[in-house]
Each structure stands twice: as C-alpha cells, then as structure tokens.
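What follows is one structure encoded as structure tokens, with my remarks underneath.
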Amino acid sequence: MTEPNDFPDDDPRHHTTRLRGLLGELAEHARTDVDKVTDPGAQALFATVAEVCRGLATAVQQYEDRSGNRDA
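So the sequence shown is numbered by our numbering: it starts at 2 and just counts up by one.
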C-alpha cells in the first residue's frame, strides 16, 4: 500500500494518500457502529456516513490514479 511518505510534501499524493486512509477508517468505523445501536435513525445515519466516506475515498483514489498517469 502506498504511504504518504512515499511522496514529497509538495506532491498532492502525499496528502491524498493520508486522506484516503482516514476516509476508509471512518467508513469502517461508521459501518461497524450500525450494528451497535438500535435506533433506526442512527443506523441510517451511520450507514450513510460509511457510504459517503467510501465514495469520497474512491474519488481521491481516482484522482491519484489520474495524477500518477500524468507523471509517466
């Protein structure tokens, strides 16, 4: 897996790699919390947070893929 320190600080991928990791962690945390609560509203909220974070992580990954291809 790519780590932020694999890129210099002025390379956007240094920062996007960290963001993608944080979004993934938050998505996983929210997804596991769905099963820990009984309130349907909270369950829906946590599921939505998980999906939004996964979508954002995908968008960041797509940016990284495109910017990596420009360097080649």
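In this text, a Cβ means the ideal position worked out from N, Cα and C, and glycines have one as well.
Per DSSP, Asp34 is one residue of the alpha helix (DSSP H) stretching across Pro13 to Val35. A residue is called buried when at least 16 other Cβ atoms come within 10 angstroms of its Cβ; Ala60 does not meet this threshold and is exposed. Of the residues Pro9, Ala31 and Asp11, the one whose Cα lies closest to the Cα of Cys54 is Ala31.
The stretch 40-56 makes contact with the stretch 14-27, as at least three CB pairs between them are under 8 Å.
If you ignore the 5 residues before and after Leu20, its C-beta comes within less than 7 Å of the C-beta of Val61, all in its own chain and listed in chain order.
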